[in-house]
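Structure record follows, encoded as structure tokens.
Structure below.
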């Protein structure tokens with residue numbers, strides 16, 4: 136794809152992610168739960184690192200089925216921390232388990248995870264018009280509000296920068312550059 140956003144460079148996996156996933160509006164609860172946890176796993180690392188490990192994450196975290204994750208015991212935590220196919224950070228692994236509990240608590244209140252998250256952008260993608268990567272913010276007031284609400288509900292690894300990256304990835308905001316064909320396709 137000519138003129139795609141420059142952040143994905145020449146890596147075919149990264150380019151495929153950019154061309155087919157990044158910025159596409161996602162309203163699926165399980166998919167949103169997965170993405171939020173993977174964005175948290177990425178904290179302090181590059182997204183390509185997580186992207187390369189995403190299939191293994193899906194495998195060892197039971198396809199991000201919160202009902203299963205919430206039942207993980209110390210043996211499962213030890214197993215996860217020994218798996219070189221994921222990021223072996225105890226706080227991040229435990230955060231995913233805790234996030235499963237927070238996710239299920241929200242659902243028990245009768246709200247979908249999707250509705251809860253998309254309410255921060257009034258239910259539809261916010262279309263930005265950035266000409267260069269320098270213009271793209273690290274966080275926005277909506278990301279800060281979502282981060283605060285997620286933390287209040289017990290979610291971990293959901294700071295404003297992580298949450299904004301999540302919002303970009305799941306199409307809550309369209310941050311494809313104006314020169315990128317995906318900007319118009321997703322607007």
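In the working numbering, the protein residues as written are 136 to 322.
Beta carbons are placed, not taken as given, at the ideal position from N, Cα and C, and that holds for glycine.
Note that the coordinates shown come from a computational prediction; the quantities given were computed from them, not determined experimentally.
CA-CA distance, residue i and residue j?
i	j	result
residue 246	residue 157	25 Å
residue 224	residue 180	12 Å
residue 170	residue 301	7 Å
residue 196	residue 214	11 Å
residue 252	residue 139	27 Å
residue 144	residue 227	27 Å
residue 287	residue 174	18 Å
residue 192	residue 222	9 Å
residue 270	residue 208	44 Å
residue 241	residue 291	15 Å
residue 319	residue 303	15 Å
residue 293	residue 264	25 Å
residue 218	residue 212	10 Å
Quick one: grab the DSSP three-state call for residue i.
i	result
residue 308	strand
residue 221	coil
Give me, in chain order, the residues of the same chain whose beta-carbon lies closer than 8 Å to that of residue i; leave out the 5 immediate sequence neighbours on both sides.
i	result
residue 148	183, 186 and 187
residue 205	232, 235, 236 and 239
Are the CB atoms of residue j and residue i within a distance shorter than 9 Å?
i	j	result
residue 313	residue 142	no
residue 172	residue 231	yes
residue 210	residue 194	no
residue 198	residue 165	yes
residue 316	residue 137	yes
residue 272	residue 321	no
residue 154	residue 249	no
residue 258	residue 161	no
residue 266	residue 298	no
Considering only residues of the same chain and omitting the five flanking positions on each side of residue i, which have a CB-CB separation below 7 Å?
i	result
residue 146	183
residue 201	168, 235, 238 and 239
residue 255	277, 280 and 281
residue 284	none
residue 311	140, 158, 317, 318 and 321
residue 203	197
Considering residue i, what are the terminal residues of the alpha helix (DSSP H) in which it resides?
i	result
residue 193	182–195
residue 281	276–287
Using a Cβ-Cβ cut-off of 6 Å (strictly less than) and excluding sequence neighbours within five positions of residue i, which residues of its own chain qualify?
i	result
residue 177	185
residue 289	237
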